[in-house]
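The listed protein sequences derive, respectively, from chains A and B.
Take 0 as the starting number for the first sequence in numbering that gives the first Met the number 0 and just add one per residue.
Take 0 as the starting number for the second sequence in numbering that gives the first Met the number 0 and just add one per residue.
Using N, Cα and C, we set each Cβ at its ideal position, and we do this for glycine too.
Here is the structure we will look at.
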Amino acid sequence: MKNISRLKDVLERGEFAVTGECGPPKGADPEIILEKAELLRGNVDALNVTDNQTAIVRMSSMVACGLLKTAGLDPVLQMVVRDRNRIALQSDILGASALGIRNVLCLSGDHQIFGNQPEALGVFDLDSIQFVQTVKTMRDEGTILGGDVLNKPPEVFIGAAANPFADPMDFRVIRLAKKIKAGADFIQTQCIYNLERFESWMAMARERGLTEKTFILGGVTPIKSAGMAKYMKNKVPGMDVPDEIIKRMEGVPKDKQREEGIRICVETIQRLKEIPGVKGVHIMAIEWEEAVGEIAERAGLLPRPVFNGK
Amino acid sequence: MITGEQKPIDEIREMIAPYKRILALGCGSCVAECASGGEKETAMLASLLRMAAKIKGEDVIIEEQTIDRQCVKEFVIQLDETIGRYDAVLSLGCGAGVQAVSAMFPEIPVIPALNTEFLGETKDQGIWVESCLGCGDCMLYHFGGICPLARCSKQILNGPCGGSIDGKCEVNPDIECAWQLIIDRLSKFGNLDRIENIYPPKDWSKKQGGGPRKIVREDQQK
């Protein structure tokens, strides 16, 4: 396989893309991430590797991506600005490209207070939009911040996140526009449960011509239980879980709730496929990677297109 | 003003334990305004420490004095005549005050009684909030007079992040989302276009590029 992004290839060919996610382990065992990734192989085009998500210390995202790359998968390196200043961020972009990692998702990161290192110093030297712009300039102009020229620019497909459900509502699309202007080739959204709000956000994005300028992948997370739905609604920042979803989960017996969660997820994907401007789906089956194959199958996303690898 | 809060009494007692004659030194400026190290607080802390010493049967003399500013030489020099009576100073000044007193009287240990906190404003009676980082390159004009560095938990210059809900910050619902405030304020004055553009990375060299900062004004020197 050539060193180009499979995700980019799929999106540019106009196929409906599927990405998955796997979190590196809380330890040094490389097998754990490889086993998780095997559950996703063939079901997704690329897979995100989270970067110390929820501010909990885990194996380095970059190294985990390197392992997946060696295993023949197309990793999306998530990088947060919480833990690294601009020197380290730019250095890691060069390192990632050297390892053959071809996708990067530039994020702010969950605040350090939420994790297991609440005493850590939050860096936040760049914000996520500035980081996107920096990576774009490195790739397209071959220069770093300050103007120094790189002897070889990094080759990366640049992603950013968007949360259509946070406030202020009217400003959400302006921020999306800023991310695209900064250089986001693709966007992965926060988990979608409130389809109405997502549709109105997409309508605003289309109105501004944004869906022509970037590939938007709608985020979905299958819910395991009614308890998880309530937890996400009440405890996870920026998450919009409507009451009808909670009621639906509560309406089935406990041993059927996983099935209901998958059904909701499949229905959501089917609706996303109908929304103009949505170019793919990002399935975040948190610690439930084995569900991705079934979801992809039932949502009519399989088989995944063969990689051109020009 | 510079704000501070008194350290826990046990921590203070531990730090002053080796000394027999202690001067509790208040400061009449910022820390008086935020009710942590002014004349009143100094008197209260000194009497609390005397009481604790008495209960434990410790033979210690603790006296108090408050000067207008611990961070300005002209005021610190007032201690010249009395300081010789003590073997330690317990300063209720901010971190700058503690160090200015030590610099002027290098022979005597100066112990901090406060935790210096932030540059802030008195929001209400008994409420102080952080509002300035002292970054050395004020950007308030661009952000409608609300500082995203001091008031956004992630110091985002192109906000708001995805955690802004009902005008509150994801870190703590008691915190107002600085970006909601910025947007409201810019909208009010018809300047929302200012944040449609990407605000470039902050030049932190103005804050920490040359190590500890120093202002030299020749026109102010004799």
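(1) Between P200/B, G158/B, M103/B, which lies nearest to I194/B when the distance is taken from Cα to Cα?
(2) Alpha carbon to alpha carbon, what distance is there between H110/A and R81/A?
(3) Of the residues R138/A, E154/A, I191/A, G22/A, which one's Cα is nearest the Cα of A181/A?
(4) In the DSSP assignment, find the alpha helix (DSSP H) that holds D123/B and state where it starts and stops.
(5) Look at L44/B and I61/B and say whether their C-beta atoms are less than 7 Å apart.
(6) Check for me: the beta strand (DSSP E) holding P74/A runs from which residue to which?
(7) Quick check on this structure: which residue in E30/A, C190/A, A16/A has the alpha carbon closest to the alpha carbon of F164/A?
(8) By how many angstroms is the C-alpha of D202/B removed from the C-alpha of M61/A?
(9) Do we get a CB-CB distance below 7 Å when we pair G208/B with the residues of chain A?
(10) Under 7 Å between C-beta atoms, does N162/A make it to chain B?
(11) Output, in chain order, the set of chain A residues within a Cβ distance shorter than 7 Å of Q268/B.
(12) Around the C-beta of E63/B, are 16 or more other C-beta atoms found within 10 angstroms, so that it is buried, or is it exposed?
(13) With C-beta atoms as the reference, is C105/A less than 7 Å away from F130/A?
(14) Assuming R30/A is part of the alpha helix (DSSP H), what are its boundary residues?
(15) Which of the residues in the region 186-213 of chain B, read from start to end, lie with their CB under 9 Å from any CB of chain A?
(16) Go to C264/A, then tell me how far its alpha helix (DSSP H) extends in each direction, as first and last residue.
(17) Indicate whether at least one CB of chain A lies closer than 7 Å to the CB of G162/B.
(18) Take G145/A as the anchor and find which of D242/A, I100/A, K253/A, Q132/A has the nearest alpha-carbon.
(19) If you run the structure through DSSP and keep just helix, strand and coil, what is T49/A?
(20) Could you list the residues in the region 168-190 of chain A with a C-beta less than 8 Å from some C-beta on chain B, going in chain order?
(21) Check whether chain B comes within 7 Å of P117/A, counting only Cβ atoms and requiring the distance to be less than that.
(22) Considering only their Cβ atoms, is the gap separating G92/B from Q77/B smaller than 7 Å?
(23) CB-CB under 6 Å to P29/A, same chain, minus the five flanking residues each way: which ones, in chain order?
(24) Could you give the uninterrupted runs of the beta strand (DSSP E) lying entirely in the region 160-200 of chain B, keeping only those of 3 residues or more?
(25) Please name the residue, chosen from G299/A, V48/A, P221/A, that lies closest to S59/A on a Cα-to-Cα basis.
(26) Apply the 10 Å Cβ neighbour rule to S96/A and answer buried if 16 or more other Cβ atoms are within range, or exposed otherwise.
(27) Take V100/B as the anchor and find which of Q124/B, V128/B, C137/B, D67/B has the nearest alpha-carbon.
(28) Am I right that G279/A and L88/A are in contact with their C-beta atoms under 8 Å? What's the rounded C-beta distance?
(29) Using beta-carbon positions only, say whether C29/B and M0/B come within less than 7 Å of one another.
(30) Give the residues of chain B in contact with L194/A, contact being defined as C-beta atoms less than 8 Å apart.
(31) What residues of chain A sit near Q179/B, judged by a beta carbon separation below 7 Å?
(32) Counting contacts by CB-CB distance shorter than 7 Å, is I86/A in contact with chain B?
(33) Give me whichever residues DSSP pairs with N102/A in a beta bridge.
(34) Determine the contact status of T2/B and W127/B, defining contact as a CB-CB distance below 7 Å.
(35) Does the CB of E80/B have a neighbour CB from chain A at under 7 Å?
(36) Quick one: which chain A residues come within Cβ less than 9 Å of V170/B?
Checking against the coordinates, here is how it stands:
(1) G158/B
(2) 7 Å
(3) With distances taken between Cα atoms, A181/A lies closest to R138/A.
(4) Looking at the DSSP string, D123/B is not in any alpha helix (DSSP H); the run it does join, the beta strand (DSSP E), is 113-123.
(5) no
(6) 74-79
(7) C190/A
(8) 28 Å
(9) no
(10) By this cut-off, N162/A is an interface position.
(11) Since the displayed chain B opens at 0 and closes at 221, residue 268/B lies outside it and no answer follows.
(12) buried
(13) The Cβ-Cβ distance between C105/A and F130/A falls below 7 Å.
(14) Sequence check: residue 30/A is Glu here, not Arg. That run of the alpha helix (DSSP H) goes 29-39.
(15) L191, I194, E195, N196, I197, Y198, P199, P200, K201, W203
(16) 256-273
(17) yes
(18) Q132/A
(19) coil
(20) Contact annotation: in the region 168-190 of chain A, residues whose CB is within less than 8 Å of a CB in chain B are F170, I173, R174, A176, K177, K180, A181, Q189.
(21) no
(22) no
(23) Cβ-Cβ distances below 6 Å link P29/A to L66 in the same chain, with the five nearest sequence neighbours on each side left out; the list follows chain order.
(24) If we require 3 residues or more, the beta strand (DSSP E) runs fully inside the region 160-200 of chain B come out as 171-175.
(25) V48/A
(26) S96/A is buried by the Cβ-count criterion.
(27) Distance from the Cα of V100/B is smallest, within the candidate group Q124/B, V128/B, C137/B, D67/B, for D67/B.
(28) About 26 Å separates the two Cβ atoms, so there is no contact after all.
(29) yes
(30) Chain B residues near L194/A: none, gap ~18 Å exceeds 8 Å.
(31) By Cβ distance, chain A contributes D166, P167.
(32) no
(33) V75/A, F156/A
(34) yes
(35) no
(36) H110, I112, F113, P236
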